[in-house]
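Residue numbers (my numbering), protein chains in the order written: chain E, 8 to 192; chain F, 43 to 1008.
Printed below as a string of structure tokens:
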């Protein structure tokens, strides 16, 4: 049992504002999966077997009730799941039976969940991407830049998104988000 | 408090009375007024002074093209100079002041300039302010600056908020006049995603200012109905008060939305939003701008564009004069007389150049009193409505270097064939100056764009409207001896245009620069065509041959603040915080910016008089006991794959193939050109798993270079990279007691020198189970380690380490002490790794392996890289130990002159060494290795210092490295 207590970059920030709720996902484990050269088929099979998920196409994610798998590069994926254990990567490596290289990314990111009817009008002030459902459907996942910060944005529902950015600049990211909330309406 | 010139009717809300001040005088207007319409309603004709001659000036137009009526809007830090009255929406409590006058507006002292006009012709300042040279900066510049610029900035930070945003659409319709509304309706009905942007606060464009009928409805009513229909369409977004100011590459349009400018207070909301609109297609429906005719004294308050006169009468219910004369070269001018008569305004006469009825002059110092005709007859009038024809607003078609073409039938430039990709033009902007043609063109353009994008066009036709032909006979200026104004904003007259031509400025671009025609806030919207027509006439060319100047963004003025958006002050760029930031802030840390990072530079303790006290204490604590420093900012890259070893061997100049698992190696990276660009350590955690560290400054660069190498140079290697800089909190634990401290922190790992020697590494756990990585590496030269934990444990880790280290005297140290320690040890860092130093110069030439190829290896062997006078990184200490040193000083051999020919090298890093009790420095010195013991001069002309220094080994502390290995 570890004696050290983890902290999240934004201390569990949660702000419901009118038609928009912004909250930090604190118990989300993130493990990067790198597919070995020429190993996509094997990895796909192992992922299907371990998590009941298909490998997502570029710019997309696949999701079950437990896992969300985001394509971040041709040979790279990010697996997100609820887990607050100190080292979530080994169990994933084990489940995938060495068909992918794993790297714990949990603390590398801060993840904000935005939800509510106003989420798209708010994100117009922050996100350069076209988030119209015709252009960015549910499960779409793209990397972009918001207020000079790299962001991975994932549409998790009609009116809900994950915005993931570097944990070291989480406070600046939150500032950008709070400005957006204040300014957009 | 009355509004003597207010007529009946208009699109104003008479139930909402607004009170405002102009030059301190209280006036009233109505909701729906602009400041200009309200001033005219109050009988105010003189509203400003001209730029050069300080001539009395009045409102000239009713739109964004206004050259004269510029005001200082609001007070205090929110004041905005050079604001156009004609587009300033009136609000309750508005305060405005006229500008560009000394003393009261009515009695401007600088009106003397008007008497000096013969000496102030085009280019006068180029010719006048040449001698004596000593006056350039001392006299001429202050005087010119004081009299130029029209309005005044507050000199205080802008308190307003500006925001940015991003919009996307299939079809962007620019302008909501008849063509724009027609286009938006047609496009919207296809289901395409449409944005309709218009700079006005009321959609409808000229429909609101004219008495046209559309589809059996009065123009404004049809516009309102169209707006209502558009508002019901979910796929259509209406952006009133929004100017599309620029066209950029790949269907990107810049638009400025005025969110709260029309309100007395912004209440914490952004004043304006700068939208970046990505549009697959755009339809420019920006309308046309009326232009004047140049004749003597055509700049008096009361001389206005005819279309503006109609706008004030029809839209705002305001009579710009009680007795109005009309001077025109086209049929449009007559419309003015009809509209005014219908409002009960007296018409002094309609003078049409096509009938040889020509106005040759005007009278009235501060406002028009009468006009003189060619026959010599004087006609009493307090307003002269002038129409010289209409110029299509094609500016946006030129932002990507499109050139307009001339059409004789309407005497105007129209958009040329080389439009920005995806753009079409409809309506008056396209030269379709008749109403039905505009409506039809809008619909046709929208349907074509929609069809092009795969939507099914609606069959609904454009509404019926009049389609009167354009009747214009070009007439540009009335010849005469008195000054006739071409560009009101810049006080450019026909004489200036002629003079410019006579002096050899034949190109229209030269004319613009020499006379300033078409510059400043209006960018010559009413003046350009007139000016170049006169130039064409003077040069005996056609207008088509003369051409136009290049139109560039922004179409109308946009505040710099809007471009800055939120990026101001501390929010100019994001800030990165280390995992121990909160703890450091609680413990007296002062923070330094290192790129985007805030790093603790030192920790102040009670009794310390300055930063040096803190840094000395911290450095000595490391040398004497143990210090802890957050080094999480170093770039960390997770490298995995079957070919990871091979990959590392190709990107590092030194060998990496045989690095055993459980060991760390220092690595040197060269650029392709052979110069050193980064260094760091790489640890092997398993046969296929490495963790690389880079310098803080080059973390992103190295990652990018490695990705390039992986993806482009060697795609056949099985290598995968992922940045873990933010994933791990990493602390340097350095000093003779570091092993003791870590023994109490690390679970179940033998830290003895035999079991965990210098350059060992291991995955482990700390404090009872938290995963960690331990590296035995040393930047300070001490027995030292770096311990990493997942960053979410970083805060807890620093607290636990400090607690565990208390009994060993553990001291947190910042980057200043870190720097002192590394200079004492002679490690290269930012001052040495400048991208202009070679491995040889850094004393690391032996690391560049001759047995393999790696990036930069071959070019590092170029003769130029090796025949450099044996520049070497050396240590330096002042001969007078009390002297301080400065980085940047150049080395000179004593007795040599201080010039480049005798330059011996330069000082790269310096520090006060508390270990040695004097200043020390690192530097690159010619033939350095052979000069140990020699004294050279550290010559620093910037600081006026010339310090004798002794050349020593760069490794001041523990040159053999026994301590770090112990």
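Every residue, glycine too, gets a C-beta built ideally from N, C-alpha and C.
- Quick one: does residue 205(F) have its CB under 9 Å from some CB of chain E? yes
- Message: Comparing C-alpha positions only, which one of 429(F), 228(F), 218(F) sits nearest to residue 247(F)?
- Response: 218(F)
- Query: Cα separation between residue 358(F) and residue 191(E)?
  - Reply: 32 Å
- Message: Quick check on this structure: which residue in 181(F), 105(F), 364(F) has the alpha carbon closest to the alpha carbon of residue 83(F)?
- Response: 364(F)
- Exposed or buried, residue 8(E), counting other C-beta atoms within 10 Å across all chains shown (16 or more means buried)? Summary for residue 8(E): the model assigns pLDDT 39, below 50, so the residue's position carries little reliability; its value from the coordinates is reported in the next sentence. Classification for residue 8(E): exposed.
- Message: For the stretch 259-292 of chain F, list every residue whose C-beta sits within 9 Å of some C-beta in chain E, in sequence order.
- Response: none
- With DSSP as the reference, label residue 87(F) as helix, strand or coil. coil
- Message: Could you check whether the Cβ of residue 9(E) sits closer than 9 Å to any Cβ belonging to chain F?
- Response: With a pLDDT of 47 at residue 9(E), under the threshold of 50, the modelled position of this residue cannot be trusted, and the question is left open.
- Task: Please list, in chain order, all residues of the same chain as residue 80(F) whose beta carbon is under 7 Å from its beta carbon, the five residues on each side excluded.
- Result: 62, 69, 71, 132
- Message: Cutting at 6 Å between CB atoms, please list the residues of its own chain near residue 512(F), excluding the five before and the five after it.
- Response: 452, 475
- Item | Nearest-angstrom Cα separation, counted from residue 58(E) out to residue 74(E) | 7 Å
- Query: How do the stretch 142-157 of chain E and the stretch 13-21 of chain E stand: do at least 3 beta-carbon pairs fall below 8 Å, yes or no?
  - Reply: no
- Boundaries (first-last residue) of the alpha helix (DSSP H) holding residue 981(F): From DSSP, residue 981(F) is part of no alpha helix (DSSP H) but of the beta strand (DSSP E) over 977-982.
- Message: Counting only beta-carbon separations shorter than 9 Å, does residue 988(F) have a partner in chain E?
- Response: no
- Item | Reference residue 1008(F); option with closest CA among 778(F), 268(F), 755(F) | 778(F)
- Indicate whether residue 435(F) and residue 521(F) have their beta-carbon atoms separated by less than 9 Å. no
- Query: Would you say residue 19(E) faces chain F, with C-beta separation under 9 Å as the test?
  - Reply: no
- Query: Can you check whether the CB of residue 280(F) is closer than 9 Å to the CB of residue 238(F)?
  - Reply: yes
- Task: Find the residues of chain F that neighbour residue 112(E), judging by a C-beta separation of less than 8 Å, and give them in chain order.
- Result: 764, 766, 769
- Message: When you compare the CB positions of residue 789(F) and residue 806(F), do they come within less than 9 Å of one another, or not?
- Response: yes
- Task: Return helix, strand or coil for residue 126(F), following the three-state DSSP convention.
- Result: strand
- Using the rule of at least 16 other Cβ atoms within 10 Å of the residue's Cβ for burial, across every protein chain shown, is residue 754(F) buried or exposed? exposed
- Query: At a Cβ cut of 7 Å, what residues of the stretch 129-140 of chain E count as close to chain F, listed as they run along the chain?
  - Reply: 131, 132, 134, 135, 137, 139
- Query: Is the number of C-beta pairs between the stretch 435-447 of chain F and the stretch 288-305 of chain F that are closer than 8 Å three or more?
  - Reply: yes
- Query: How would you call residue 401(F), buried or exposed, if buried means at least 16 neighbouring beta carbons within 10 angstroms?
  - Reply: buried
- Query: Exposed or buried, what is residue 331(F) when buried is set at 16 or more other beta-carbons lying within 10 Å of its beta-carbon?
  - Reply: buried
- Task: Below 7 Å CB to CB, which residues in the same chain sit around residue 487(F) once its five sequence neighbours on both sides are set aside?
- Result: 225, 325, 466, 468
- Message: Could you check whether residue 97(E) and residue 835(F) sit closer than 9 Å to each other, using their CB atoms as the reference points?
- Response: no
- Say whether the stretch 630-638 of chain F touches the stretch 928-938 of chain F, bearing in mind that this needs 3 or more beta-carbon pairs closer than 8 Å, one atom from each stretch. no
- Residue from 597(F), 527(F), 518(F) whose Cα sits closest to the Cα of residue 578(F): 518(F)
- Task: Along the alpha helix (DSSP H) that carries residue 588(F), what are the first and last residues, could you check?
- Result: 585-588
- Item | Same chain, Cβ closer than 6 Å to residue 997(F), five either side skipped, listed in chain order | 868
- Message: Please list, in chain order, the chain F residues whose beta carbon lies closer than 8 Å to that of residue 13(E).
- Response: 832, 834, 835, 838
- What is the DSSP secondary structure of residue 346(F), reduced to helix, strand or coil? strand
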